Amino acid sequence: MATGMCIGMCLGVALSTTGLFSMSYGASFGMLIGMVVGMCINSKKLSTVDNFLEFIFSRIDLLKKYFCIGTMLIVIKKSDAKIFFVLILNLEGSVEKININEIAKLAGVSRATVSRYLNNGYVSEEKRNIIAKVIEDTGYIPSAQARILRTKKSKLIGVIIPKLDSQSISREILGINEALSKEGYQIILADTFNNEHKELEYLKVLQNNQVDGIILIATVFTKQHKKLLQELSIPVVIVGQYLKGYSCIYNDDYNAAKDITKELIKDNRKNPGYIGVNLDDESAGSGRYNGYIDAIKEYGIDINKNNMKIAKFNMEDGYLKTKELFLENPNIDALFCATDNIAVGAMQYLKECGKKIPEDISIVGFGHTNISKVVEPKLTTVHFHYKTSGIEAANIIMNMIENGDKIIRDIKMGYEIIVQESTN
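To convert a position in the sequence shown, counted from 1, into the numbering used here, add 1.
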């Protein structure tokens, strides 16, 4: 235990010197970490997440005795089941906490003025600066529970995502968080790992945990999804897909696919191939597939189902599906890929086969990810406004929460074709 406490105190001092925490708050936070580390060092039964959770809960009284830091959020990834546990510990300890009255005294203002400041009401700039300085110096954190009781709002938004390690999803989250944080909201992320059953589970969990609204970055809508969404009593905004009856922000995948297919085959290509994703995904799947098919038809090229494969969203599957495709039809001279990652995997296989891009085969992707700019040759791709989509979603849900707006918003985002070196 002593070893852990020493580690924690050093961490606390280090944190306070960065300016992110006051000395007292940094030390307290570090000591908390130290106690947990110390208890972990002394424990021999922490081989699983379940054991760790049991271990923490068994020592809550000890944590409460020495520390009082409001609410601590612990996110634990259980890799074998591919789910996230979100554990919220309310540590109401015996250490005296500073309160709003003391903030008012230190700032030389009334309690009502501090309350207005905390709730974004009118406070003169001079007093606002003084209160902000006192709060920074003391490390004061307003009680979330008190705010919920007072305003009937938690200022928390649940964001359900299909996959965290995706550049498009990351950009959307960036936009969501940027817009929400400006208005004092915080987000709770729930990563489903493309598991539709976890998506349903998180919809229930978030509603039962006092979030003010949910932003769903969706991939598919089953009957269970539609039923559960209808039963929710809090605002919901959908990103990435269209669902009738809900405010949605989504990409124009059909027209983007049609336009980039024309770019792909315009140089007299006669035998195109297609590597897409699951057609149950109405945007990245069926939307892009239909755009590709219609462009091919406009150019008078016959549709050859043998030149089509369905892949996952990653480079590895792009490589494998391209290999399958070319073993069956080595004469393909153009390749449509539903994502940049699939395209980069395809390019790797084509290079190994001695194919020259774009001389022997042209290739396109979707997403305008960072890798599309550095791969050789640079990838012709579609740029979608993912961050802007996130900002729009955040603004819509805040308007629903704060103003009771019930108007259904249907926002189809624009796109740009980024012509680079993988097409002529």
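Even glycine gets a Cβ: it sits at the ideal position worked out from N, Cα and C.
From a predicted model like this one, the values you see are computed outputs, not experimental measurements.
- Counting along the chain, ASP260 sits inside the alpha helix (DSSP H) bounded by residues 254 to 266.
- For ILE418, same chain residues with a beta-carbon under 7 Å away, outside a window of 5 residues either side, are ASP260, ILE261, GLU264, VAL383 in chain order.
- Ranked by Cα distance from GLY288, the first of LYS267, GLY159, LYS134, LYS413 is LYS413.
- Distance from the Cα of ILE136 is smallest, within the candidate group ILE99, VAL376, LEU157, for ILE99.
- Counting along the chain, SER171 sits inside the alpha helix (DSSP H) bounded by residues 168 to 183.
- Residue environment for GLU173: buried (at least 16 other C-beta atoms within 10 angstroms of its C-beta).
- Per the coordinates, the alpha-carbon of ARG129 lies some 16 Å from the alpha-carbon of THR139.
- Boundaries cannot be given for GLY286, as no alpha helix (DSSP H) includes it and DSSP labels it neither H nor E.
- DSSP places LYS227 within a helical segment (H, G or I) once states are collapsed to three.
- In the DSSP assignment, ALA191 falls within the unbroken beta strand (DSSP E) covering 187 to 192.
- Per DSSP, the unbroken alpha helix (DSSP H) holding THR389 starts and ends at 387 to 404.
- Cβ atoms of PRO331 and SER423 stay farther apart than 8 Å, at about 19 Å.
- Per DSSP, TYR275 lies in no alpha helix (DSSP H); the unbroken beta strand (DSSP E) holding it starts and ends at 273 to 277.
- Here GLU127 is exposed: its Cβ has fewer than 16 other Cβ atoms, across all protein chains shown, within 10 Å.
- As computed with DSSP, LEU336 is found in a beta bridge with GLY274, ILE364.
- Distance from the CA atom of ASP282 to the CA atom of VAL221, rounded to whole angstroms, is 5 Å.
- Ranking ALA108, ALA133, GLY185, ASN102 by CA distance to the CA of MET399 puts GLY185 first.
- Per DSSP, the continuous alpha helix (DSSP H) segment holding GLU137 begins and ends at 126 to 139.
- Going by beta carbons, ILE101 and ARG112 fall inside the 8 Å limit.
- Short of 6 Å from the beta carbon of ALA395, and not among the five residues preceding or following it, lie these beta carbons of its own chain, in chain order: ILE177, ALA180, LEU181.
- Judged by DSSP secondary structure, VAL237 falls within the beta strand (DSSP E) whose first and last residues are 237 to 240.
- The alpha-carbon separation between ASN371 and SER169 amounts to approximately 11 Å.
- DSSP places ASP411 within a strand segment (E or B) once states are collapsed to three.
- Between the segment 318 to 328 and the segment 228 to 241 there are fewer than three C-beta pairs closer than 8 Å, too few to call the two in contact.
- Taking the Cα positions, ASN279 is about 10 Å away from ALA339.
- Annotated three-state conformation of LEU380 is coil, per DSSP.
- In the structure shown, the three-state DSSP call for LEU157 is strand.
- Burial state of LEU328 is exposed, judged by a 10 Å Cβ sphere holding fewer than 16 other Cβ atoms.
- A Cβ-Cβ separation of about 7 Å places ASP318 in contact with GLY346 under the 8 Å criterion.
- ALA191 and ASP166 have their alpha carbons spaced roughly 13 Å apart.
- The three-state secondary structure of SER234, taken from DSSP, is coil.
- In this model, LYS374 and LEU230 are separated by some 39 Å (Cα to Cα).
- Partner residues in the beta bridge of GLY214, as assigned by DSSP, are ILE158.
- Here ILE101 carries a helix assignment [DSSP, helix/strand/coil].
- DSSP, read as helix, strand or coil, puts SER248 in strand.
- Under the three-state reduction of DSSP output, TYR416 falls in the strand class.
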